[in-house]
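Single-structure report; data block below.
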Amino acid sequence: MADLLAELNRDIWHPFVAAYRALDIDAFLALNSTDVIRASGSKQKLVHGYDVYAKQMREFFAMVKTLNDRIAIDFRFHERVADGELASERGVYLLSVAPSLGGPRTRYGRFHTCARKTDGRWRLVFDYDSNDGADAAAFEAGAAIDDVDRFPA
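The numbers in numbering that gives the first Met the number 0 rise by one with no breaks, and the one at position 47 of the sequence shown is 46.
What follows is the structure in C-alpha cells.
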C-alpha cells in the first residue's frame, strides 16, 4: 500500500499544499474530479458538486489575494486505505493564515476524502470536512503526509 500512498501524495496531497500556498486556483481545482462531492459538517451542513465548490474556492482564493494575506495548509492522517484505483483517507488539517493586518490565525478541521485513479492519476471524488473534535493534539497525533509506513497493507 505504501506505493499507492506515495502516488496519492504525488497526485493530491503535495500539490494541494502547494496550490494553497501559491493561491493557484487552477492547480487546486485540477485535484478534483469534475463529479466531486463536497460536504461540510459541523454548523454548515452543506453538500454540493464541482461547480459550486469551484465557485466558492475561486472566491476564497481571490479574497485572500485581494487582502494580501498568506495561507498555508498541512495535513496529518489518522487513516489511509488504498486498494487498486480507490482510496479513502481521514485525518486533521491545519489551516494557517498570516493576514496583512493583525496577527496570525490557525484553524483545525477534520477531513475525510475519497479518491479514484483514472487515466493514471488520482483525483478527489469526495471531500468532507468538519471542525468537530479538531485541535492541535488531534493534528499532532496523526501521521505526516510522507509517513506512509504508518499505514501497512
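Every residue, glycine too, gets a C-beta built ideally from N, C-alpha and C.
From a predicted model like this one, the values you see are computed outputs, not experimental measurements.
Sort the options by Cα distance to residue i and report the nearest one.
i: V16; options: V147, G108, Y92 and D131; result: Y92
i: T117; options: L66, F74, T65 and G83; result: G83
i: F76; options: L22, A137, L94 and P14; result: A137
i: V96; options: G119, I72 and F110; result: I72
i: I36; options: R122, T105, A21 and H13; result: R122
Does DSSP put residue i in a helix, a strand or coil?
i: L123; result: strand
i: L3; result: helix
i: A29; result: coil
i: K44; result: coil
i: A38; result: strand
Work out the CA separation of residue j and residue i for me, nearest whole Å.
i: C113; j: T33; result: 14 Å
i: S99; j: T65; result: 10 Å
i: G40; j: Y52; result: 15 Å
i: L85; j: R79; result: 11 Å
So what does residue i bridge to, in DSSP terms?
i: H111; result: R89 and Y127
i: T65; result: According to DSSP, T65 bridges with nothing at all.
i: S95; result: A71 and T105
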